[in-house]
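Student: Dropping the structure in here first, questions after.
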Amino acid sequence: MSAPTTSGPVPAPVVQAPAASQGPEAVPAPGSVRLDLAGRTALVTGAAGGIGRACALRLAAAGATVRAVDRAADGLVALVEAADGLPGAVDPQTLDLTDLDAAEQAAAGADILVNNAGLQLVRPIEEFPPDVFHTVLTVMLEAPFRLIRGALPHMYGQGWGRIVNISSVHGLRASAFKSAYVAAKHGLEGLSKTAALEGAPHGVTSNCVNPGYVRTPLVERQIADQAAAHGIPPERVLTEVLLKDSALKRLIEPEDVAEAVLYLCAPQASFITGASLTLDGGWTAH
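In this text, residue positions in the sequence shown follow our numbering: the first is 970, and each later residue adds one.
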């Protein structure tokens, strides 16, 4: 799932750890999507770790100038180091997305917008803190709305734009104990489709990418919470809870999600809009 970029009174938050410096993820693998984004500006939220980091590096590898937005300044420093030598560039921007006005302003002039930032808390509804529910909806639904709102004037003006919302299987299916996350992702799906309908006459596409469980610290740190919620040992969580409904019994790599994001920016995907691209290992085939 996505990388958190918020601050505030969130008990027991699941936080993406900053990734290490220069690594193989900075170089596209053989068979990767070929796309020249030189001259394009992309904004990626939650860029300091996990899916956001992979997307930022992949877009920079395609030549884009990437506004890397996150509240984790140290993670952004590591991201800039990892992007050294790539055709594009990474412009780190430390920002808490609960500052909605600042979020909207940050998106001005972006050609590509990747709404990725998120956070997770696993609790039964009757125990779910209302302030955390509010924060999750702010970061994962209201902030994307404000970012899209900020990006559209430029996109409309030039007759081209790409909005990619990192949703989740939880934008299409629900799971117990994730009321805020599921509600936010379902809302993001609707927002994305509305943006697709409004943006089509202006050359702007809007789509969701819907991964299952991705190999990120956010997912790995859910295991203890899920073990407690379900009353089972942590070692049984992956197969019996997280991957229970997946035909493929493995986690997705962040780089796989980044390739899907890049594809949606390619000319070959110009007729794809208002869609939800599932990378779920067969979860939604049930």
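From the three backbone atoms N, C-alpha and C, an ideal C-beta is built for every residue, glycine too.
Please read all numbers here as calculations on a predicted model, not as lab measurements.
Among Leu1004, Thr1104, Asp1005 and Gly1019, whose alpha-carbon lies nearest the alpha-carbon of aspartate 1225?
Tutor: Minimum Cα distance to aspartate 1225 is reached at Gly1019.
Student: In whole angstroms, give me the CA-to-CA distance for threonine 1034 and alanine 1011.
Tutor: Taking the straight line from one Cα to the other gives about 6 Å.
Student: Which residue or residues does DSSP assign as beta-bridge partners of glycine 1130?
Tutor: Its beta-bridge partners are Val1173.
Student: Take arginine 1092 and list the residues in its own chain whose beta-carbon comes closer than 7 Å to its own, dropping the five residues that flank it on each side.
Tutor: Cβ within range, chain order: Phe1146.
Student: Mind checking who leucine 1012 pairs with in its DSSP beta bridge?
Tutor: The partner list for leucine 1012 (beta bridge, DSSP) reads Arg1036 and Leu1082.
Student: What is the C-beta distance between leucine 1066 and alanine 1016, in whole angstroms, given that I count them as a contact (C-beta under 8 Å)?
Tutor: Not confirmed; about 12 Å, so no contact.
Student: Excluding the 5 residues preceding and the 5 following cysteine 1024 in the sequence, name in chain order all residues of the same chain whose CB lies nearer than 6 Å to its CB.
Tutor: So the list reads Val1013, Val1083, Ala1227 and Val1230, once near-sequence residues are dropped.
Student: If contacts are defined as beta-carbon pairs under 8 Å, then lysine 1154 and glycine 1243 qualify, I think. What distance do you get, rounded to the angstrom?
Tutor: Wrong, their Cβ atoms sit about 16 Å apart, outside the cutoff.
Student: Can you give me the C-alpha to C-alpha distance between phenylalanine 1114 and alanine 1235, rounded to a whole angstrom?
Tutor: Approximately 23 Å between the Cα atoms of the pair.
Student: Please list, in chain order, all residues of the same chain as alanine 1072 whose beta carbon is under 6 Å from its beta carbon, the five residues on each side excluded.
Tutor: Cβ neighbours of alanine 1072 beyond the five flanking positions: Leu1066, Ala1112, Arg1115 and Leu1116.
Student: In this structure, how does DSSP classify threonine 1242 when only helix, strand and coil are distinguished?
Tutor: DSSP places threonine 1242 in coil when its eight states are reduced to three.
Student: Output the boundary residues of the alpha helix (DSSP H) element that contains glutamine 1062.
Tutor: Unbroken run through glutamine 1062 is the beta strand (DSSP E), 1058-1063; no alpha helix (DSSP H).
Student: When DSSP labels each residue in this structure, what does valine 1230 get in the three-state scheme?
Tutor: In the structure shown, valine 1230 sits in a helix (DSSP, three-state: H, G or I).
Student: Beta-carbon within less than 6 Å of proline 978's beta-carbon, same chain only, minus the 5 sequence neighbours each way: which residues are those?
Tutor: With a pLDDT of 33 at proline 978, under the threshold of 50, the modelled position of this residue cannot be trusted; read the value that follows with caution. Closer than 6 Å at Cβ, skipping near neighbours: Asp1100.
Student: Do the CB positions of tryptophan 1129 and glycine 1181 come within less than 7 Å of each other?
Tutor: No, the pair does not count as a contact, with Cβ atoms beyond the cut-off.
Student: Decide if the region 1211-1224 is in contact with the region 1244-1255; the criterion is three or more beta carbon pairs, one per stretch, under 8 Å apart.
Tutor: The answer is yes - the region 1244-1255 touches the region 1211-1224, with three or more Cβ pairs under 8 Å.
Student: Within the continuous alpha helix (DSSP H) that includes histidine 1155, where are the two ends?
Tutor: Histidine 1155 -> alpha helix (DSSP H) spans 1148-1168.
Student: Using C-beta distances below 7 Å, list every residue in its chain close to leucine 1004, excluding the 5 sequence neighbours before and after it, in chain order.
Tutor: Counting only Cβ-Cβ distances below 7 Å, and skipping sequence neighbours, we find Ala1031, Leu1231, Cys1234 and Ala1235.
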